[in-house]
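Under UniProt numbering, the final residue of the sequence shown carries the number 287; numbering is consecutive throughout.
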Amino acid sequence: MELTQLKQFKAVARKNSISLAAKELHISQPALSTAIKKLEQEFDLPLFDHAGNKIQLNEAGKIALKYVNTILEQSDEMKNELDRYARRNGKIRLGFCDQGPMWYCVPKLFMVSDRLDYEYYTMPVDECGFLRSGRYHILVSSRHLDGADIISQPLILERKYLSVAPGHPLSKEKSLSAKDPKIHAILLFVLHGTFDRQQAPFWDALKDQITITETTDYFLFSQMLKNPEIVTTTTEIVRHYRNDGADRVLIPLTDPELTIHYHISYLKSEKKRLKEMITLIQHSAVL
1 MELTQLKQFK
11 AVARKNSISL
21 AAKELHISQP
31 ALSTAIKKLE
41 QEFDLPLFDH
51 AGNKIQLNEA
61 GKIALKYVNT
71 ILEQSDEMKN
81 ELDRYARRNG
91 KIRLGFCDQG
101 PMWYCVPKLF
111 MVSDRLDYEY
121 YTMPVDECGF
131 LRSGRYHILV
141 SSRHLDGADI
151 ISQPLILERK
161 YLSVAPGHPL
171 SKEKSLSAKD
181 PKIHAILLFV
191 LHGTFDRQQA
201 PFWDALKDQI
211 TITETTDYFL
221 FSQMLKNPEI
231 VTTTTEIVRH
241 YRNDGADRVL
251 IPLTDPELTI
261 HYHISYLKSE
271 KKRLKEMITL
281 IQHSAVL
């Protein structure tokens with residue numbers, strides 16, 4: 001049993017929904033469902049009653065939640081003490097403006113270093129202020145950060161692809177604009193991160209021309225993709241950690257609104273101390 005499992009259990013208990021809890025925790029719904037099942041297997045008891053898309057704690061789950069709350073409170077106290085120790089001993093805090101690069105880079109970073117804390121932050125915020133205040137030592141931002149005291153360098157050029165099944169009428173295209181009249185309908189999986197918010201006006205403007213279906217429910221999304229007629233999108237980063245099905249054909253979308261250039265940013269005064277971690281992040285971001 002791990003603290004992460006307990007936090008996930010508490011989130012599902014609070015939201016009464018796998019999809020809402022997954023969104024809050026910034027993980028996929030299948031991963032969260034698997035974690036809850038493993039926890040129930042450890043207790044050898046079901047902890048939730050299921051009714052359609054809703055789930056709620058049963059009596060065993062309510063007992064478990066009481067102890068989970070105590071454990072997590074004690075864990076927070078311990079973490080605060082360890083954070084104070086970490087600040088004295090070189091722990092590096094990393095902030096991501098979007099879930100995509102976070103989900104892609106962090107697992108690789110932890111394979112070679114445990115010297116970091118990380119989290120996802122929601123725009124708009126004062127990113128330069130984050131660095132200057134020490135809240136984060138390194139940011140993966142959606143833009144170049146301006147400041148005489150800040151170094152900001154390109155990290156990942158993220159772009160959208162149209163994703164279609166083999167044999168689909170669009171599968172022979174080498175590239176397309178999302179405005180192309182040959183595209184009649186698109187299914188979008190939306191996380192409401194920085195990149196999604198950047199694209200929102202573009203997709204909204206196309207809704208009179210194309211049937212656009214949006215979902216935040218990963219289980220529903222994956223089930224819909226079993227229909228070979230469904231057209232969706234993926235990205236340079238997402239295709240490395242999300243499986244939309246075997247042999248799907250990826251077609252570059254040429255619209256400038258469907259690209260974003262992530263940058264790595266940090267204080268000049270921290271360059272020497274952060275050099276090793278910056279190099280690790282840059283290497284982890286190679287697609």
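The C-beta atom is built at its ideal place from N, Cα and C for all residues, glycine as well.
How would you write the range of the alpha helix (DSSP H) that Y104 sits in, first residue to last?
Counting from one through the sequence shown, the residue named residue 104 turns up at place 104. In the DSSP assignment, Y104 falls within the alpha helix (DSSP H) that extends over Q99 to V112.
If you drop the 5 nearest sequence neighbours on each side, which residues of the same chain put their C-beta closer than 7 Å to that of P166?
Along the sequence shown, one-based indexing puts residue 166 at 166. D247 and V249, listed in sequence order.
Proximity below 8 Å, CB of Q5 to CB of K37
Position 5 of the sequence shown holds residue 5. Position 37 of the sequence shown holds residue 37. Cβ atoms of Q5 and K37: not closer than 8 Å.
Let's see if you can read the secondary structure: which residues bound the beta strand (DSSP E) around D93?
The residue you call residue 93 lines up with position 93 of the sequence shown. It should be pointed out that residue 93 corresponds to Arg in this sequence rather than to Asp. From DSSP, the beta strand (DSSP E) with R93 extends over I92 to F96.
Decide if the region 259 to 269 is in contact with the region 136 to 151; the criterion is three or more beta carbon pairs, one per stretch, under 8 Å apart.
yes
Quick one: measure Cβ to Cβ for T233 and L162, integer angstroms, because I've assumed they're closer than 8 Å.
Residue mapping note: residue 233 aligns to position 233 of the sequence shown, counting from 1. Residue mapping note: residue 162 aligns to position 162 of the sequence shown, counting from 1. Yes, they are in contact, since the Cβ atoms of T233 and L162 sit about 6 Å apart, within 8 Å.
Going by DSSP in three states, L267 sits in which element: helix, strand or coil?
As a first step, residue 267 is located in the sequence shown; it is residue number 267 there, counting from the start. Strand, per DSSP.
Straight-line gap, L206 to P228 (C-alpha atoms, nearest Å)
By one-based count along the sequence shown, residue 206 stands at place 206. By one-based count along the sequence shown, residue 228 stands at place 228. Near 23 Å, if we compare the C-alpha coordinates of P228 and L206.
Can T259 and R159 be called in contact, C-beta distance under 8 Å?
Residue mapping note: residue 259 aligns to position 259 of the sequence shown, counting from 1. Residue mapping note: residue 159 aligns to position 159 of the sequence shown, counting from 1. Taking C-beta atoms as the reference points, T259 and R159 count as a pair closer than 8 Å.
Take A31 and list the residues in its own chain whose beta-carbon comes closer than 8 Å to its own, dropping the five residues that flank it on each side.
By 1-based counting over the sequence shown, the position of residue 31 is 31. Within the same chain, A31 has close Cβ partners A22.
Find out if the Cβ-Cβ distance for the pair L65, A11 is shorter than 8 Å.
Numbered from 1 along the sequence shown, position 65 holds the residue referred to as residue 65. Numbered from 1 along the sequence shown, position 11 holds the residue referred to as residue 11. Result no, Cβ atoms of L65 and A11 do not sit closer than 8 Å.
I'd like the span of the beta strand (DSSP E) that includes D49, first residue to last.
The count along the sequence shown starts at 1 and reaches residue 49 at position 49. Here the beta strand (DSSP E) through D49 covers F48 to A51.
Which ranges would you report for the alpha helix (DSSP H) in the region 178 to 257 if only whole runs of at least 4 residues count?
194 to 205 and 218 to 224
Among R115, V112, S171 and I151, whose alpha-carbon lies nearest the alpha-carbon of L131?
As a working note, residue 131 is residue 131 in the sequence shown. Ranking the options by Cα distance to L131, first place goes to I151.
Give me the Cα-Cα distance between residue 340 and P101, rounded to the nearest whole angstrom.
Past the boundaries of the shown model lies residue 340; the chain is included only from 1 to 287, so the question cannot be answered.
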